[in-house]
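> Residue numbering for the sequence shown follows the working numbering, starting at 4 and increasing by one per position.
Sharing a structure here in structure tokens format.
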Amino acid sequence: MKIAEYIAFTIDRLPKGYVFTYADFIIEVNKKEAVIKALNRMVESGKIAKLYKGKYYKPENTPFGNHQLNQAQVVKDLFMVFSLL
């Protein structure tokens, strides 16, 4: 399975609004650049959205467009970054 296929399969299984980083997909140390490139291509295609540098989330698509990310999820992610949780 190619890296892009593995990432797409894993993202499809994530709940809507889930925040993740490229480090969640690192299989081998030398594949870091390929993982980042695959994630950026998915952002360009609209499959995922970028929260900020290095952080992505799976948007909830509605008939009116993409639903904004739950603020609680953003705060939880920031707490994890600063190890406050």
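Note that the Cβ used here is the ideal one computed from N, Cα and C, for glycine as well.
Can you tell me which of the three DSSP states Lys58 falls into?
Working through the sequence shown from its first residue, we reach residue 58 at position 55. Of the three classes helix, strand and coil, the one that applies to Lys58 here is strand, per DSSP.
> My output table needs one value for Gly49: the three-state DSSP class, helix, strand or coil.
Here residue 49 refers to the residue found at position 46 when the sequence shown is read from its first residue. In the structure shown, Gly49 sits in coil (DSSP, three-state: anything other than H, G, I, E or B).
> So for Leu88, helix, strand or coil by DSSP?
One-based indexing of the sequence shown puts residue 88 at position 85. Annotation note: pLDDT 48 at Leu88 (below 50); position unreliable, coordinate value reported separately. Coil.
> Out of Pro66, Thr65, Lys56 and Phe67, which one is the CA nearest neighbour of Val22?
By one-based count along the sequence shown, residue 22 stands at place 19. The candidate whose alpha carbon is nearest that of Val22 is Lys56.
> To which residues does DSSP link Phe23 through a beta bridge?
By one-based count along the sequence shown, residue 23 stands at place 20. Tyr59.
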